[in-house]
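To start, the structure under review is shown below, and the notes come after it.
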Amino acid sequence: MTTGGILWFPDLSAPDPYGLLPMAMAGLLCYTWIPKTAAGRAAMFNLSNKLSSSLETSGWRWRLRRTAFVASLLLPMAAMNLPSGMFVYWVSSATFGHINAALVERYMPLDKHQAPARRKDVPRKA
C-alpha cells in the first residue's frame, strides 16, 4: 500500500495531499442523489410552486433526499484524512456503477408500464 500510489499520490495509505479524491467522491455522491427528471429536481430544490399530486404527498421523502444531498457534500470533506486507497476504491466503484447503470438503462430499458385499470373498465362477473 505504501508503494502502490498512482498519479499525484505516491502512497495509498496516506491521505490525498491535494484533496482531489474526497472532492471527486463528493461529486459522485451528489450525482447519485440528484433526481434525473426535471419534475424531481424542481420538487427537491423547491424550484416550482406547482407540483404533481404524487410529489406533493411525499414531503418527507424530499426532505430526506435533500438532507442526504447535503450530507453527500459534507461527509467526504469530513473524511479527508482517510487513506487515499479508500477514496480510490470508492471513486472507481461509484464511477463504474454509474456507467453500468447508464448502459443498462440505455440498452435494456424497462418497458413503459400501463396505467392500472379503472373500476368502470374492469369486467363484471356474471
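In terms of the working numbering, the sequence shown has 45 at position 19, counting the first letter as 1, and numbering is strictly consecutive.
Glycine is no exception: its CB is placed at the ideal position from the N, C-alpha and C atoms.
In the structure shown, the three-state DSSP call for PHE122 is helix. Contact between the region 120–127 and the region 63–73 is absent: fewer than three C-beta pairs spanning the two stretches fall below 8 Å. A Cβ-Cβ distance of about 10 Å is found for the pair VAL117 and LEU55, leaving them out of contact under the 8 Å criterion. According to the DSSP assignment, MET134 belongs to no alpha helix (DSSP H), since it is labelled neither H nor E. Look at PHE71 here: in three-state DSSP terms it is coil, with no helix or strand label. Check the Cα spacing between PRO36 and each of PRO109, GLN140 and SER119: the tightest is with PRO109.
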